[in-house]
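Each residue of the sequence shown is one higher than the last, beginning at 2 in our numbering. Note that the Cβ used here is the ideal one computed from N, Cα and C, for glycine as well. So the structure is just underneath, and the comments pick up after that.
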Amino acid sequence: MRIPRFLLAPVLFLSPVLLAQETGTPPAASRLQDENPVWAATLDDAVERARAMREGRVFVELRSADCPECVRMEKLIYPSASFRSFMRDKVPVVLDRASSDGQRLAQRFGLRRVPAWLVLTPDLLLAGRHEGGSSQALWMEKFVASERAWNEFRRKLDVEKKTPNDPAALFAVGEEAYRRAGDAMARERFERIAADEKAPAELRERSLAYLAGIALEDRRFDDAEKALKQILATTKNPTLAEQADLRLADVEIGRGERKKARAHLKAFLQKHPQSPMRKDVEALIEALDGAKP
Numbered sequence: 002m003r004i005p006r007f008l009l010a011p012v013l014f015l016s017p018v019l020l021a022q023e024t025g026t027p028p029a030a031s032r033l034q035d036e037n038p039v040w041a042a043t044l045d046d047a048v049e050r051a052r053a054m055r056e057g058r059v060f061v062e063l064r065s066a067d068c069p070e071c072v073r074m075e076k077l078i079y080p081s082a083s084f085r086s087f088m089r090d091k092v093p094v095v096l097d098r099a100s101s102d103g104q105r106l107a108q109r110f111g112l113r114r115v116p117a118w119l120v121l122t123p124d125l126l127l128a129g130r131h132e133g134g135s136s137q138a139l140w141m142e143k144f145v146a147s148e149r150a151w152n153e154f155r156r157k158l159d160v161e162k163k164t165p166n167d168p169a170a171l172f173a174v175g176e177e178a179y180r181r182a183g184d185a186m187a188r189e190r191f192e193r194i195a196a197d198e199k200a201p202a203e204l205r206e207r208s209l210a211y212l213a214g215i216a217l218e219d220r221r222f223d224d225a226e227k228a229l230k231q232i233l234a235t236t237k238n239p240t241l242a243e244q245a246d247l248r249l250a251d252v253e254i255g256r257g258e259r260k261k262a263r264a265h266l267k268a269f270l271q272k273h274p275q276s277p278m279r280k281d282v283e284a285l286i287e288a289l290d291g292a293k294p
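Below is the structure:
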């Protein structure tokens, strides 16, 4: 498969000597190469050092003791000039997947394989990720793509800063922060939108849906129930109404009230006999019937 040129030789990393050979002009004085990054000993150390940098972030490699692919990727990626350039604003650290920090990050960001890498802010907001062994070209492609996406997110933050009372700008940041596992950042914005009577109804209802999801994950079941019932009381969107109604069963399951959850699901099927989620609901009822008390 042909590798795109920008992966093989990004303009940023081209040697002045090679450029001179292409243009026929004498080589300019080359700038110093990026130094090898200094790896942190612990995640806390990496976070502390990143906070001291301007817009610094943390690069985390997750690996395991018995991982030949981890060793291969280390030898393939880390000595490269592209990697050194990528690390200019980042502090790298290696974590064992089985360590407490390794387990915590793997669970938070849904990583199931090693080797894997994460790029995080000091507050552990996700800026990039990749898991599994691959070619050098694919890793570099992931690096480049993650930085582009991060820069797009920063642009959304700039728009929000310029228009702090615009519900659409708030929602755009909140939604992406949620996708980047920044629940606190997202929650703050969704709560502002949900409480803003002047905000469009659609954005208020979608914000409530996100707030319910965050509350369920945090096991704040009363808050989740309140948000879901607010949606049901106001929405004119039948799909959103079905989803909110169904998630009320999740609230009861979270509380350990399986009988109430089962009764709610049965009532849901009666209210929404043509629901596209019918098979999933029936499967959940069956699972609840088979669960041990």
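DSSP state of residue i, grouped into three classes?
| i | result |
| --- | --- |
| Leu212 | helix |
| Leu112 | coil |
| Asp197 | coil |
| Glu132 | strand |
| Glu23 | The predicted model places Glu23 with a pLDDT of 35, which falls under 50 and marks its position as unreliable; any figure quoted below should be read in that light. If DSSP states are grouped into helix, strand and coil, Glu23 belongs with the helices. |
| Pro274 | coil |
| Ala169 | helix |
| Leu285 | helix |
| Val39 | coil |
| Leu119 | strand |
| Leu126 | coil |
| Arg279 | helix |
| Pro239 | helix |
| Asp246 | helix |
| Ala262 | helix |
| Ala185 | helix |
| Tyr79 | coil |
| Ser100 | coil |
| Arg55 | coil |
My understanding is that residue i touches residue j, with C-beta atoms under 8 angstroms, so please give their C-beta distance in whole angstroms.
| i | j | result |
| --- | --- | --- |
| Asp184 | Ile215 | 5 angstroms |
| Phe60 | Lys91 | 4 angstroms |
| Leu229 | Ala245 | 5 angstroms |
| Lys267 | Ile286 | 7 angstroms |
| Thr289 | Ala262 | One point to set straight first is that residue 289 is Leu, not Thr, in the sequence displayed. With a Cβ gap of about 6 angstroms, Leu289 and Ala262 count as contacting. |
| Glu161 | Val174 | 5 angstroms |
| Asp35 | Arg85 | 4 angstroms |
Tell me where the alpha helix (DSSP H) around residue i begins and ends.
| i | result |
| --- | --- |
| Ala138 | Gln137 to Lys163 |
| Asp224 | Phe222 to Thr235 |
| Asp45 | Leu44 to Arg52 |
| Ser83 | Ala82 to Phe87 |
What are the boundary residues of the beta strand (DSSP E) that residue i is part of?
| i | result |
| --- | --- |
| Arg64 | Arg58 to Arg64 |
| Asp67 | No beta strand (DSSP E) holds Asp67; DSSP gives it neither H nor E. |
| Pro93 | Lys91 to Asp97 |
With a cut-off of 8 angstroms, do at least 3 Cβ pairs link the region 129-136 to the region 156-176?
no
Would you check if the region 145-161 and the region 100-108 touch, i.e. whether three or more CB-CB distances between them fall below 8 angstroms?
no
So, does the region 212-230 touch the region 188-195, judging by three or more C-beta pairs under 8 angstroms?
yes
Using 8 angstroms as the cut-off, can you tell me whether the region 91-101 makes contact with the region 52-72, which would need three or more C-beta pairs spanning the two stretches below that distance?
yes
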